[in-house]
Amino acid sequence: MMEIKYPDVLLDSLENGHMIIDDKFIVSYWNRWLAINTQISKEEIIGRKLDEFYPNINYKVLHRKIKTALLINTPSFYDTNSNVKFIPMNRNKVTTSSLMLMQQQVTISPYIACENKVMVSIYDISELFEAKISLKKEIEKVNKLNDKLEADQEIIDKNIMMMRTSFDGVIIDVSTFFCQFFEFKKDFILGKNISTFKQDGGFSTTYKELWETIINKKCWSGELKLKTYKGEEKWVQSRITPILDSDGEVLEFSAVYHDITNEKLLEELYITDPLTKLYNRAHFDEVVNFIVKHQRKADTDFVLVITDIDHFKSINDTYGHQVGDEALISVANTLKDSLREDDLIARWGGEEFVIMLKNVTLDEAKIIIEKVRASVEKNKINDTISVTASFGITKYILGEDIKKTFKRVDDALYEAKKSGRNRAILK
Amino acid sequence: MKILIVDDSKIGRMSVIKSLKIVKPDAELFQAANGLEAVEIFKEEKPHVVFLDLTMPVMDGYEALKHIMSIDKEAQVIVVSADIQSEAKLRVLVAGAKNMYPKPINDEKMLQIFEQDLLL
Amino acid sequence: MEVLNLEFNEDQIDALREFMNVSIGAATASLANLLDAFGTMHIPKIEICDSSELSQKIESTINLESMYYATKQLFTGKFGGECMFIISEESARNLGKHLYKATTPSRDDISDAVIELTNILTSTIVSRLTQELDTQVQFFVPSSQFIDAHSIVNSEDVADYSKIIIISTILDFKDQKINGNIYILTKDEAIKSLKVLIDKKIEEIYG
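Residue numbers (numbering that gives the first Met the number 0), protein chains in the order written: chain P, 0 to 426; chain E, 0 to 119; chain B, 0 to 206.
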């Protein structure tokens, strides 16, 4: 093996303390680092006993450790976590920390066994120690926060309806409350695409708007009608938020729902005609007034239709009120079936209905209403009783007072009745 | 010559046997895996030399040694053990063993044993 | 892809047990020296299990209500790993009392005594083992933790290791009965090396 020249120089260049002592604690080597950090020069200490300079060291312990190292022929150590210091030293690095005393790792290595000599090495591990302490503090902080977070999460999970889906609608997670409310088992719902639960019928525009909003990375709020596992209809106020990844692309969607079924039912009762299940006049009025007031281009393009069942009084007198009611229901259903989802139909009076056909020309309306008239005529009550209706049609003129529109359409209806009934007149 | 090798470990026995095959190639070898077997074989075969381990199940080396010495006070027992405490050596010597060696024994040691420790 | 056979056959286990025996013998002698007492050697039980079983194995040997000193010492080399030693608070206190000649040794004293013990055990056992196997090893500072039975094994601590060699032994020193289980945690590479070294030794002996 290559012999190392000037081993002293080598040891002096190391940034740790190294000394050689024997089992009587006589120092035979003391490197530069030690000289600097203890302010004891090697000339002073070599040949002398360590206890002359450091009487407070527990020499029984040191002796035992020296003996052990020599005996097992591998290093022995001082406990790094102990508060008992071997040779107390102050930290020599400039530091803002409050740790002034050097944390040391002391290793005792067998050197020359037959002379009972060992090398005692001292390593400054103060920075490591500080890092450990601050890490411990941070971990404690994080643990506390995590505990609180877990507690909060539980509350949320049990009381709020929440859902998380992937960017393409696959359900990743649902809260316990959601499952309870919709009567789904969590396993059943996870992994399925949300489109399988979508309620079609009447709300395709809502879903279209919803999808367009969130696909543009914006939040959407609105009312949705959903069905529970058992088929019960529920209304929920929904807020759907897109979650973006670090590149700004949609990663997931997060949705929160609030049950508004009761409010909605109440609302519907309020605006619904109980017999025909059509909207009632109050609602129609509200909608029309709103449109007229705000004069939005999209809304003001409509055709107003009024229809009246022909000879309704005599149907009632001849066949009884029950049949009369059936006639009303039948006509209402015919109207619903013949017209589009978006068209507004309402029961106007005893035997009168009003319709708002959206975004059609007068000619188009004429064709539509003609079809409706034909359907009404075709649909007999109890397969025997024939029912017809007369229709008045007019187009709303932009900016017009709605009373004028109604007058016009009333006149049209009057003319329809006058000229023989079971027909539609345009004005 | 009959030689009895006692050790609960097979490789422990083989280690001794390996050296024996070199130093005493003509010897008849017997093996025992615990103290009890050792005593029984000793009674039957009356081997000239016994190599005895200390830590064994059923009956350990110390007990086996006592039994063997009571059967034959001239018995030539060499203890080969993992236990290297000086007090252990003292105990077995007092009990009658001719010497004690730490494991493993090599050929030189084996030669030394036959030349210096055993009275044959 | 090479399928790692980390299982030991009977002959290999026998050889390993024998090497451990010799190592424990050396450790007992060193400890006897330290404690100034005679140590009665007991047959150590050797078991090799997967690192995932460590937690369970430890819990089956300890009293879950007590506190323990768990010390660890890292060693590196061809056969590298971590040596873990678990000693009950009571045993540790007795050890501290004995070494420090104090009726009520301080927490620091006890900790130091336990580290001393671990160092001797680890160094001696591993040195002796690696000596038998003709390979060298370097030891690092042992660390000691005073913890409850449930916190002894952190799943992260064992994640890197594949096999555990469990040496169950009673270190019996007159009035100091130190019940100890020594766990040697090894990685795949170390076990591979160990097997190679053991096989070499077996060939030498069996011829």
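Glycine residues also receive a C-beta, built at the ideal position from the N, C-alpha and C atoms.
query: Interface flag, A31 (chain E) vs chain B, CB-CB below 8 Å; result: no
query: Supposed contact pair F84 (chain B) and Q137 (chain B) - C-beta distance, whole angstroms, cut 8 Å; result: The Cβ separation is near 19 Å, so there is no contact.
query: Chain P contacts made by the region 12-36 of chain B, where a contact means CB separation under 7 Å; result: S29, N32 and L33
query: Proximal residues, the region 65-89 of chain P versus chain C, C-beta separation under 8 Å; result: The structure shown contains no chain C; its protein chains are P, E and B.
query: Residue from B:A69, B:G80 and B:L63 with nearest C-alpha to K162 (chain B); result: B:G80
query: The region 248-261 of chain P in contact with the region 358-377 of chain P per 3-pair CB rule at 8 Å; result: no
query: beta-carbon L356 (chain P) near the ligand NAD non-hydrogen atom, thresh 7 Å; result: Summarising the ligand content, the structure contains no ligands, and the ligand NAD is consequently not present.
query: Residue from P:K229, P:L274, P:P54 and P:L327 whose Cα sits closest to the Cα of I314 (chain P); result: P:L327
query: Residues near V322 (chain P) in its chain [Cβ-Cβ closer than 7 Å; skip 5 each side]; result: I314, I380 and I384
query: Same chain, Cβ closer than 7 Å to G200 (chain P), neighbours up to 5 away in sequence not counted; result: A caution first: G200 (chain P) carries a pLDDT of 49, below 50, which makes its placement in the model unreliable, though a value can still be read off. Answer for G200 (chain P): no residue qualifies.
query: Coil, strand or helix - S69 (chain E) by DSSP; result: helix
query: Rounded C-alpha distance that separates H293 (chain P) from I401 (chain P); result: 13 Å
query: Three-state secondary structure assigned by DSSP to V78 (chain E); result: strand
query: Backbone CA spacing between D362 (chain P) and K377 (chain P) [nearest angstrom]; result: 23 Å
query: Inter-residue CB distance, M13 (chain E) and G34 (chain E) (contact presumed, cutoff 8 Å); result: Wrong, their Cβ atoms sit about 19 Å apart, outside the cutoff.
query: Test: K120 (chain E) CB closer than 8 Å to a CB of chain B; result: This structure leaves residue 120 (chain E) out entirely; chain E is present only between 0 and 119.
query: Cβ pair count under 8 Å reaching 3, the region 76-84 of chain P against the region 37-53 of chain P; result: no
query: Nearest-angstrom Cβ-Cβ length linking N428 (chain P) and L61 (chain P), presumed shorter than 8 Å; result: In the structure as shown, chain P starts at 0 and stops at 426, and residue 428 (chain P) therefore has no counterpart that could be examined.
query: Contacts around A331 (chain P), its chain only, beta-carbon distance under 6 Å, and the 5 residues preceding and following it disregarded; result: T275 and L277
query: Sequence-distant residues of its chain with Cβ nearer than 6 Å to G60 (chain E) (five each side left out); result: L51, D52 and L53
query: Residue closest to T240 (chain P), alpha-carbon to alpha-carbon, out of P:A254, P:Y206 and P:T393; result: P:A254
query: Within chain E, partners of I169 (chain B) - CB distance below 9 Å; result: Correct list: empty, because the minimum Cβ distance to chain E is about 12 Å.
query: Against chain P: residues of the region 125-156 of chain B by CB proximity under 8 Å; result: S126, F138, V140, P141, S142 and S143
query: Neighbour flag for H230 (chain B) against chain E, beta carbons, 8 Å; result: Here chain B covers residues 0 to 206 and nothing more, so residue 230 (chain B) does not appear.
query: Alpha carbon of G16 (chain P) to alpha carbon of D171 (chain B), nearest angstrom; result: 38 Å
query: C178 (chain P): first and last residue of the uninterrupted alpha helix (DSSP H) it sits in; result: T175 to F181
query: E64 (chain B) at chain P interface by Cβ criterion, 8 Å; result: no
query: Burial state of F187 (chain P) (16 or more Cβ within 10 Å); result: exposed
query: Contacting residues, own chain, Cβ-Cβ under 8 Å from K23 (chain E) (five flanking each side not counted); result: M0, I2 and F113
query: Where Q104 (chain P) falls: helix, strand or coil (DSSP); result: strand
query: Status (buried if at least 16 other CB within 10 Å, exposed otherwise) for F390 (chain P); result: buried
query: Beta-carbon neighbours of E81 (chain B), restricted to chain P and to distances below 8 Å; result: Those within 8 Å of E81 (chain B) in chain P number zero; the least Cβ separation is about 15 Å.
query: Neighbour flag for E115 (chain B) against chain P, beta carbons, 8 Å; result: yes
query: Reference D6 (chain E), options B:I61, B:Q11 and B:N20, closest by Cα; result: B:N20
query: Simplified DSSP state of P6 (chain P), which is helix, strand or coil; result: helix
query: Assumed close pair I159 (chain P), F176 (chain P) - CB separation to whole angstroms, cut-off 8 Å; result: 6 Å
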